[in-house]
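Have a look at the structure below, then the notes.
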Amino acid sequence: MNTNKLVQLFFIAGLIILGAACKKSNTDKPDNSKPSVPLKTPRGQVVGTPKKVTIGANGGSIAMPDNYISIQVPAGAVDNNTEFSIQEVQANAGIQTGRLFRILPEGITLKKPVEITFHYTDTDIEGSNEDYLYPCYQNSEGGWHKIMDCTLDKSQKTLKVSTTHFSDWALLRDVAIKTTKNALGSGEEATLEAYVIDEDEDGTIPEFIGLKPEQIVEWKVVVGGGTISGGKNPIVTYKAPNTSAQVEAMVEVTVKNVVKKSDPKRPGNGGLVIVRRTITVLPEEYVVWKISGGEQKAMFFSMGVFNGKAILSATATNESVSFQTNSYVIGKFSVGDMSKPKMADLTATYEHKTYESKYTECDTYNKVYASGSIIYDMVSDTVGGLVQGSFEGQLFKLENCVLDYRNVSGRFRVRRGQ
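Numbering (our numbering), first residue to last: 37 to 454.
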């Protein structure tokens, strides 16, 4: 064999080895070969009273009463007086961090971009941080889109975006840790999931595929105690430590090969991402609940049984919740007519307004009951014994024949006082 042929053979063999090595090094990366399917979900139902303002050619502004979201309309965006409105929408897609808003008028193109400002809260960055917070919107067909071109101001805790159209707007965390329970009792367990919201080149959010085990570098408990089981998987189990006092535990996950479109000014563009989440480990007794995305922990609570009926009431810093069941046994009590067996009544406050599990229609005077339930997992026949369970439901507030509703869910473990 002459020298030229020998060199050619070595060259070809080297290419084969190099190709095999390159192919092997990419096995950890997500498979993007399949075309993505756009995520579409039903649009949520509006809740509460819309905020309305008429704005003309000179421009103006509109904001929700708590200023969580506001809109600045420049002069020349519209030619004539136009009614603008913002109304909260019941979030149902699992995309947004919490609150979702329908901004009108929809279906028109403004002549100049308006500026939408979100004043984000700690709830919005729960399980993540500001660097992975982006605005998003849902169009009239139910499709979701992420907006990368936005302005983040950590000192003012604002996220601003310019747009020439309206629809349903919210914030999303594109990398985060989700959990089935934000608060645990001593020794209780919760499922943790590391997730990434992908997006196509045009910002369209596709259906969730989920992370692969090979993308998980490490799970760990940073502070507060407890253990994580499940290895290097995107879904693991956290077990709270045994404690008699409230503890704030922090868990962390490191994810690699995160290939996504991100703001180049923000960290995490190298494919390696670290996010943390705080989990409250509660003392022996607790009442915790969530209403319209806001989490509450009771400062004061009581549980008693009177003439066969069980009553629980709990008060947090600004909100409260209470329920009663018409008997007191382990099992499920449906919200409804208390004259029927194993039924319950549920009440909660939100922003200083009381929401109940029933209301009377203005035109027919018919009584309407919400969907929901109280579940007792453990009961005690003696005073001082532990009672444990959960509650969830849709609560109503009827004011001047305008119906508003909120979703509430929570858990409790308290000692029976009566």
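Just so it is clear, CB atoms sit at the ideal spot from N, CA and C, and this is done for glycine as well.
Practice problem: Report all residues from its chain with a CB closer than 6 Å to the CB of G163; omit the five preceding and five following residues, and keep chain order. | Solution: The residues A212, I213, R313, in chain order, have a CB closer than 6 Å to that of G163 in the same chain once the five nearest residues on each side in sequence are set aside.
Exercise. Please go through the same chain and pick out, in chain order, the residues whose beta-carbon is closer than 7 Å to the beta-carbon of F202, but skip the five residues on each side of it.
Key: So the qualifying residues of the chain are I139, L140, P141, E142.
Quiz item: Which same chain residues, not among the five before or five after G421, have their C-beta less than 6 Å away from its C-beta?
Solution: Closer than 6 Å at the Cβ level, and outside the excluded window around G421, lie R452.
Quiz item: Nearest-angstrom Cα distance between A346 and L136?
Solution: So the alpha carbons of these two residues sit roughly 36 Å apart.
Quiz item: Looking at C-alpha atoms only, which residue of P110, E124, I183, W205 is the closest neighbour of Y168?
Solution: Considering only alpha carbons, the answer is I183.
Quiz item: Could you give the residue range of the beta strand (DSSP E) that holds V82?
Solution: Boundaries cannot be given for V82, as no beta strand (DSSP E) includes it and DSSP labels it neither H nor E.
Quiz item: In terms of residues, what are the limits of the beta strand (DSSP E) holding F448?
Solution: Residues 438-451.
Self-check item: Contained beta strand (DSSP E) runs [length at least 3] in the segment 171-203, N- to C-terminal order
Solution: Secondary structure remark: continuous beta strand (DSSP E) runs of at least 3 residues inside the segment 171-203, in chain order: 180-182, 187-189, 194-199.
Quiz item: Who are the Cβ neighbours of N362 in its own chain at under 6 Å, not counting the five residues just before and after it?
Solution: Within its own chain, the residues whose Cβ lies closer than 6 Å to the Cβ of N362, once the five positions on either side in sequence are excluded, are K345, M374, M379, listed in chain order.
Quiz item: With distances taken from CA atoms, which of V109, S426, S97, G84 is nearest D440?
Solution: Nearest option by C-alpha distance: G84.
Self-check item: Own chain residues within Cβ distance below 7 Å of K389, not counting five before or after
Solution: These residues qualify, in order along the chain: K433.
Self-check item: Check whether N90 and N117 have beta carbons under 7 Å apart
Solution: Note on residue identity: the sequence assigns Thr, not Asn, to residue 90. Inclusion of T90 and N117 in the CB contact set at 7 Å is warranted, their separation being smaller than that value.
Quiz item: Exposed or buried, which one is Q153 when buried takes at least 16 other CB atoms within 10 Å?
Solution: In the sequence under discussion, the amino acid at residue 153 is Thr, which differs from the Gln named in the question. Per the 10 Å Cβ criterion, buried.
Practice problem: Could you spell out where the beta strand (DSSP E) holding F244 opens and where it closes? | Solution: That residue, F244, is in no beta strand (DSSP E); it is neither H nor E in DSSP.
Quiz item: By DSSP, does D413 sit in helix, in strand, or in coil?
Solution: In the structure shown, the three-state DSSP call for D413 is strand.
Quiz item: If we count Cβ pairs, one from each stretch, closer than 8 Å, do we get three or more for the segment 381-396 versus the segment 323-335?
Solution: By the Cβ test, the segment 381-396 is in contact with the segment 323-335, since at least three Cβ pairs between them sit closer than 8 Å.
Exercise. From the DSSP output, in three-state form, read off G50 for me.
Key: Because G50 carries a pLDDT of 39, less than 50, the predicted location of this residue cannot be relied on, and no value is offered for it.
Quiz prompt | Assumed close pair S121, V109 - CB separation to whole angstroms, cut-off 8 Å | solution = With a Cβ gap of about 12 Å, S121 and V109 do not count as contacting.
Practice problem: Could you tell me how far apart the beta carbons of H155 and T240 are, in whole angstroms, since I believe they sit closer than 8 Å? | Solution: About 27 Å; that fails the 8 Å criterion.
Quiz item: Which whole-angstrom value is the C-beta distance of Y322 and V365, which I expect to be below 8 Å?
Solution: Between V365 and Y322 the Cβ distance is about 22 Å, and since that is not below 8 Å, they are no contact.
Quiz item: Does DSSP put Y386 in a helix, a strand or coil?
Solution: The answer is strand: DSSP assigns Y386 an E or B state.
Quiz item: Where G456 and I233 are concerned, what is the direct C-alpha to C-alpha distance, given to the nearest angstrom?
Solution: With the chain running from 37 to 454 in the structure shown, residue 456 is simply not present.
Quiz item: Apart from the five residues on each side of it in sequence, which residues of its chain come closer than 6 Å, Cβ to Cβ, to G95?
Solution: Closer than 6 Å at the Cβ level, and outside the excluded window around G95, lie V109, P110, A111.
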